[in-house]
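Chains G and R, in that order, are what the protein sequence lines are. The letter at position 337 of the first sequence is residue 376 when you use our numbering, and the numbering goes up by one with no holes. The letter at position 257 of the second sequence is residue 273 when you use our numbering, and the numbering goes up by one with no holes.
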Amino acid sequence: MFKKMTVSGLLLALSILIVLSGCGGAKGADETGNTGSSSGGSGSDRVTLKMMHLWPAGSSAQQNKLVTQIIDQYQKDHPNVTIKTEIMDNEQYKNKLKVLSASNELPDVGITWAAGFLEPYVKGNLFAPLDDILGGAQLKDKFVPGTAEAYAINGKTYALPIELNITPIYYNKDLFAKHNLQIPTTYEQFKQVVKTLSEAGVEPIALGNKDRWTGSLWYMYLADRIAGSDTLKKAMDGSGSFEDPTLIRAASEVQSLVDMNAFNKGFNGLSNDEGKSEFMNGKAAMYLMGTWEIPNFTTNPDIPQEFKDKVGFFKFPTVDGGKGSGDSWVGGPGVGLFVAENSKVKEEAKKFVEYFVAKWGEQSVKDAGVIPATKVDTANMKLPQMYVDLLGELNKASNITLFADVQLKPDAAQTHLDMIQALFGKAVTPEEFAKKHQAAVQAGK
Amino acid sequence: MSNKGVIALYVLPSLLLLLSIVYIPIVLTGYYGLNKWDGISPMSFIGFDNYKTLVQDQAFWQSAYHSLLLAVFSAISLIGYLAIALVLSGKIKGANLLRKIYLIPMLLSSVAIAQLWIKIYHPSNGVLNTFLNSIGISDPPSWLADPKVVLFSLFVPIVWQYAGFYILIYYAGLKNIPETLTEAARIDGANSWQIAMRIKLPLVTEIIKVTVVLSVVGSLKYFDLIYVMTDGGPNGASEVMASYMYHKAFRSFDFGYGSAIGFFLLLICLLATYLIRKATATKDTVQFH
Chain G
40 MFKKMTVSGL LLALSILIVL SGCGGAKGAD ETGNTGSSSG GSGSDRVTLK
90 MMHLWPAGSS AQQNKLVTQI IDQYQKDHPN VTIKTEIMDN EQYKNKLKVL
140 SASNELPDVG ITWAAGFLEP YVKGNLFAPL DDILGGAQLK DKFVPGTAEA
190 YAINGKTYAL PIELNITPIY YNKDLFAKHN LQIPTTYEQF KQVVKTLSEA
240 GVEPIALGNK DRWTGSLWYM YLADRIAGSD TLKKAMDGSG SFEDPTLIRA
290 ASEVQSLVDM NAFNKGFNGL SNDEGKSEFM NGKAAMYLMG TWEIPNFTTN
340 PDIPQEFKDK VGFFKFPTVD GGKGSGDSWV GGPGVGLFVA ENSKVKEEAK
390 KFVEYFVAKW GEQSVKDAGV IPATKVDTAN MKLPQMYVDL LGELNKASNI
440 TLFADVQLKP DAAQTHLDMI QALFGKAVTP EEFAKKHQAA VQAGK
Chain R
17 MSNKGVIALY VLPSLLLLLS IVYIPIVLTG YYGLNKWDGI SPMSFIGFDN
67 YKTLVQDQAF WQSAYHSLLL AVFSAISLIG YLAIALVLSG KIKGANLLRK
117 IYLIPMLLSS VAIAQLWIKI YHPSNGVLNT FLNSIGISDP PSWLADPKVV
167 LFSLFVPIVW QYAGFYILIY YAGLKNIPET LTEAARIDGA NSWQIAMRIK
217 LPLVTEIIKV TVVLSVVGSL KYFDLIYVMT DGGPNGASEV MASYMYHKAF
267 RSFDFGYGSA IGFFLLLICL LATYLIRKAT ATKDTVQFH
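Written out as C-alpha cells, the structure reads:
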C-alpha cells in the first residue's frame, strides 16, 4: 500500500511539474515579447528596448554587422539603454510579425515594408506615427524624395525607410564574352542573347520562383516597358485595368521567355536562394535582383574575388513600340523601421529609430555597401564601382515602380503571387492571368 | 485509491492542461471562424458567412482533395510497413539493426528531411535526376515544379518519414504474440505464410485499426514537409487543407476565414475517425490472454 502511494505521489508530482514547466515556458516567452514594456515602464534609469530584424549573420552578413555596430554605439552613448535583438530571415519574420500583432505583443522597434503591407498594421493602430522625428533636427530633408512618403497613410508617416532598392539584371561577364554577347539594350537583343545562351547549353537566367516575388519582377518590368508605368500603376490601384491589351501582352511575353527556356530548369520549385546559386556558381548567365545583392558582388569577403570580378549589371532592356523608358525601374524603398504604438518605452524607441536611421545612412554606404533611403554623399568615399554606377542610375531614374507584392493589399498580393507562378508554369493563359488580377484588385482586400 | 477526491486530484493537472491547450482553443477557433477578423483590427461578428464561403471555395476543396489523396496513399502504405514488420519480427539475421535503420527518418526533424529531399529532387543537380540522366532519361521532370507530379513527389518523403514509426508499432505488436501460438501452429504443419496471415495478422487487428486512424487523421492535417518543400505551390498544386488554412490566415490576413478552415478541418478529422472506427468495428476481438 505504502509503495503504491509513493508511486502515485511521484506521478502526481511529475504531472504538476509538467504543468508548471508549461506555464513557466509561456511566461518566459511573454517576458521576451515584452521586455521593453515591463522593465522600461518603471522609470527612466534603465531601459530595455526590444528590436526585431531580418538580417541573419548567415545570409545578410554585411547588414547584420551594421545593425550590431549601430546598436553597440547606441548603447555606449546611452549607458542606461539595453537593446535586445531577435533575428529571423525574411519569410519567418513576416509570419512572426503577424502572430505578434494578433496578440498585440510587437517589439518596441521592428521592420516593416511600405504601402499595402503596412496598411493593416496602421488600421489596427499598432504602429506609432513618426512624423515628429521625420521632421526633427536629425532627419529633416535627409530622405530621398518619395521614400518616406511610401510609408505615409492618411498624411501620417508610420515607418522610416532605411533602404532604397532598384533591380538591375546582373550578368556574368565571362559567359557573355565566351559566347560573343553584348549587353542588350532592346528586348529583341535580349531575346537573342537568351537564345544564343540557351542553344549553347548555358542557363540564360537564374530564377527561383517558389518565392514568387522573384518571378513577379520579370512581369513587372515587361509590364512597365510595354504598357508604361502609368498604366501599370493605375491597374495596381484599381483605377485602371489589368485587362489592358498592353498588360496582357506583357504577361504573354513572360510565357514566351519560358518557351525559349530562358530560365533554369524547375524554377517554380526552387527558392530564391536556390535560384541564385545557379548564378553564383556560374551556371546561369543572368540574374534579376535587387540592389541589396550588391555586397555579394563587391564587398562580401565570403564570396571569391574572381567571381565578384565577373559580375556586371545592365538595365532592363526597352521594348520596341513600348511606352516605358529604359530609366524606369522596379524597386522602391525596401524596409523601414516602425515603433510599436503600445510600446511602454515609445519615446526611447523613437530616439533609437532616429539615431538608427541617421547612422544607417552614414555607415551602410561605406560598410555594408547597400543603398540607404537617406541622401548619400559619396564625395570622399572609396566605393566599389558597381555601387557607384547603380547609385548613379538611381539618381537619374525617371520612375520607380514599387514591388507588386508590397504595393497591393494582402489578399490581392497573394493572388498576384499565385498567378505569377501559374503564368510561369503555363497553367493559365495571359487573359486568365489578367482577369484574376482584375478581380482581386477590385475586391479591394 | 478508491477515494474519489484523490482520483479527482490526480486527474486535475492533466485536465487543466488539456482544457487550456486543447479544448478551449478549439472553442475559440470555432468562434473566430464566425467573425471577420484580419488578426489586427477588432473582430466583427458575421455569423456563418465564413463557413458559407468555405463550402463554395473551390481552392479549399481542391486542397481537401489533395489531403484525401495523401490519406489514401498513407493508408495503403501501411500494408508495406506491416509486411516489413512481419519480416523483421520473424527470426531473420540483423533484424535488430534493420529496425533501427528504419527508425532513423523518424528521429530527424521535418525541416531536415525537407531540406534533404529538396536536394534529392533538385531539377538539375539532384541525386534523382542525375541518376535518371545517367540511365538515359534525357528530360526527367522537375519534381517539385511540375504541377502534375509535385503531389506525389511530396508523398514519397512523407511516407518515408513515418515508415519507422509504424514499423515500430507493428513490430512491437507482433513481438507480443506468444511464441507458443506460432510454435503450436508450426507443429500442426502451418508454413510461414499461413502463420503470418492466419495467426499473426488477426492478433494485431486492433493495432492495425489504430494505425489506420492515426495515418488517415495525420494525413488530413498534414502540414510541415509541404510547407517547407513547396509552400503549396506551384500555384496551389500541392496545397493541402492545413497549408491552405495557414496561407489564408497568415498571408492573406484573413484570420476569421483561416479559423473557419481550421475548425472545418477538425470536423473532417473527427468524421474520418468516426467512419473508420465504424467501418472496422468487429464484435469479437481476438485475444491471446
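Note that beta-carbon positions come from the ideal geometry of N, C-alpha and C, so glycine has one too.
In terms of alpha-carbon separation, which member of the options lies closest to residue i?
i, options, result
"leucine 236 of chain G", "G/Leu220, G/Tyr226, G/Arg251", "G/Leu220"
"lysine 135 of chain G", "R/Ala265, R/Tyr81, R/Ala276, R/Ile193", "R/Ala265"
"serine 297 of chain R", "R/Leu113, R/Ile224, R/Pro41", "Note that residue 297 of chain R is alanine in the sequence shown here, rather than serine. With distances taken between Cα atoms, alanine 297 of chain R lies closest to R/Ile224."
"glycine 365 of chain G", "G/Gln231, G/Pro223, G/Asn164", "G/Pro223"
"aspartate 84 of chain G", "G/Lys104, G/Pro118, G/His92, G/Val106", "G/Pro118"
"glutamine 114 of chain G", "G/Asn103, G/Leu296, G/Asn311, G/Lys390", "G/Lys390"
"leucine 376 of chain G", "G/Phe336, G/Phe215, G/Gly361, G/Ala397", "G/Ala397"
"aspartate 171 of chain G", "G/Leu199, G/Tyr160, G/Phe156", "G/Leu199"
"glutamate 345 of chain G", "G/Asn311, G/Leu456, G/Ala301, G/Asn211", "G/Asn211"
"proline 163 of chain R", "G/Ser403, G/Ala466, G/Gly483", "G/Ala466"
"proline 250 of chain R", "G/Asn335, G/Met259, G/Gly254, G/Thr87", "G/Gly254"
"leucine 46 of chain R", "R/Ala288, R/Leu282, R/Leu287", "Checking the displayed sequence, the identity of residue 46 of chain R turns out to be glycine instead of leucine. Looking at the Cα atoms, R/Leu282 is the closest of the given residues."
"isoleucine 287 of chain G", "G/Gly97, G/Lys474, G/Lys230, G/Lys89", "G/Lys474"
"leucine 88 of chain G", "G/Ser382, G/Asp450, G/Thr440", "G/Ser382"
"proline 334 of chain G", "G/Ala324, G/Ala323, G/Val350, G/Lys484", "G/Val350"
"alanine 289 of chain G", "G/Glu470, G/Ser98, G/Val404", "G/Glu470"
"isoleucine 56 of chain R", "G/Leu169, G/Phe336, G/Ser280, G/Lys137", "G/Lys137"
"aspartate 312 of chain G", "G/Lys347, G/Asp263, G/Trp252", "G/Trp252"
"isoleucine 242 of chain R", "R/Gly274, R/Ser79, R/Ser154", "R/Ser79"
"glycine 49 of chain R", "R/Tyr178, R/Ala130, R/Ser275", "R/Ser275"
"aspartate 28 of chain G", "G/Glu227, G/Glu158, G/Ala324", "A query on residue 28 of chain G cannot be resolved here, the shown segment of chain G reaching from 40 to 484 and no further."
Taking the alpha-carbon positions, what's the residue i to residue j distance?
i, j, result
"alanine 206 of chain R", "glutamate 199 of chain R", "9 Å"
"threonine 38 of chain G", "glutamine 101 of chain G", "The shown model of chain G, from 40 to 484, leaves out residue 38 of chain G, and the question about it has no answer."
"alanine 436 of chain G", "valine 166 of chain R", "41 Å"
"valine 228 of chain R", "glutamine 112 of chain G", "60 Å"
"leucine 132 of chain R", "valine 183 of chain G", "44 Å"
"glycine 75 of chain G", "glutamate 393 of chain G", "In this predicted model, glycine 75 of chain G has a pLDDT of only 39, less than 50, meaning its place in the structure is not dependable; the value taken from the coordinates is given anyway. One C-alpha to the other measures close to 18 Å."
"threonine 196 of chain G", "phenylalanine 395 of chain G", "17 Å"
"threonine 285 of chain G", "threonine 270 of chain G", "9 Å"
"glutamate 292 of chain G", "threonine 468 of chain G", "11 Å"
"glutamine 453 of chain G", "glycine 277 of chain G", "16 Å"
"glycine 400 of chain G", "leucine 170 of chain R", "45 Å"
"alanine 301 of chain G", "histidine 455 of chain G", "22 Å"
"asparagine 320 of chain G", "phenylalanine 463 of chain G", "24 Å"
"threonine 246 of chain R", "aspartate 444 of chain G", "19 Å"
"isoleucine 40 of chain R", "serine 231 of chain R", "25 Å"
"glutamine 74 of chain R", "leucine 309 of chain G", "26 Å"
"tyrosine 132 of chain G", "leucine 104 of chain R", "46 Å"
"leucine 291 of chain R", "proline 173 of chain R", "27 Å"
"asparagine 419 of chain G", "glycine 408 of chain G", "15 Å"
"glutamine 327 of chain G", "lysine 304 of chain G", "Looking at the sequence shown, residue 327 of chain G is not glutamine but leucine. About 16 Å."
"leucine 33 of chain R", "alanine 128 of chain R", "30 Å"
"tyrosine 97 of chain R", "isoleucine 193 of chain R", "18 Å"
"asparagine 307 of chain G", "serine 295 of chain G", "16 Å"
Which residues mark the beginning and the end of the beta strand (DSSP E) in which residue i is found?
i, result
"tyrosine 326 of chain G", "323-327"
"valine 120 of chain G", "120-126"
"threonine 87 of chain G", "86-92"
"proline 449 of chain G", "From DSSP, proline 449 of chain G is part of no beta strand (DSSP E) but of the alpha helix (DSSP H) over 449-463."
"proline 372 of chain G", "367-372"
"threonine 440 of chain G", "438-441"
"glycine 149 of chain G", "148-151"
"glycine 351 of chain G", "350-353"
Hey, is residue i close to the ligand NAP, as in C-beta under 7 Å from one of its heavy atoms?
i, result
"serine 278 of chain G", "In the structure shown, the ligand NAP is absent, as is every other ligand, since no ligand is present at all."
Span of the alpha helix (DSSP H) holding residue i?
i, result
"phenylalanine 391 of chain G", "385-402"
"tyrosine 190 of chain G", "Careful: tyrosine 190 of chain G lies outside any alpha helix (DSSP H) and carries neither H nor E."
"asparagine 143 of chain G", "First-last for asparagine 143 of chain G: undefined, no H or E at that position."
Kindly give me the distance between the Cβ atoms of residue i and residue j, rounded to whole angstroms, as I take these residues to be in contact under 8 Å.
i, j, result
"leucine 148 of chain R", "isoleucine 136 of chain R", "Leucine 148 of chain R to isoleucine 136 of chain R, Cβ: 12 Å. No contact."
"alanine 91 of chain R", "isoleucine 183 of chain R", "Not a contact, Cβ separation roughly 15 Å."
"methionine 458 of chain G", "phenylalanine 442 of chain G", "At roughly 15 Å, the Cβ-Cβ gap does not stay under 8 Å, so methionine 458 of chain G and phenylalanine 442 of chain G are not in contact."
"phenylalanine 271 of chain R", "aspartate 54 of chain R", "6 Å"
"alanine 379 of chain G", "phenylalanine 166 of chain G", "7 Å"
Which residues in chain A have a C-beta closer than 9 Å to the C-beta of residue i? List them in chain order.
i, result
"serine 140 of chain G", "Annotation note: the requested chain A is absent from the structure, which comprises protein chains G and R."
* **Meets three-Cβ-pair contact criterion under 8 Å: the region 410-426 of chain G and the region 119-126 of chain G** => Using a Cβ-Cβ distance cut-off of 8 Å, the region 410-426 of chain G and the region 119-126 of chain G are not in contact, since fewer than three pairs of beta carbons, one from each stretch, lie closer than that value.
* With contact counted as at least three CB pairs below 8 Å, one residue from each stretch, are the region 338-348 of chain G and the region 239-249 of chain G in contact? -> In short, these stretches do not touch, since the Cβ pair count stays below three.
* Taking one C-beta from the region 200-207 of chain G and one from the region 428-435 of chain G each time, how about it: are there three or more such pairs within less than 8 Å? -> Contact holds: three or more Cβ-Cβ distances are below 8 Å.
* Asked: Hey, is the region 248-256 of chain R in contact with the region 97-117 of chain R, meaning 3+ C-beta pairs nearer than 8 Å?
  -> The region 248-256 of chain R is not in contact with the region 97-117 of chain R.
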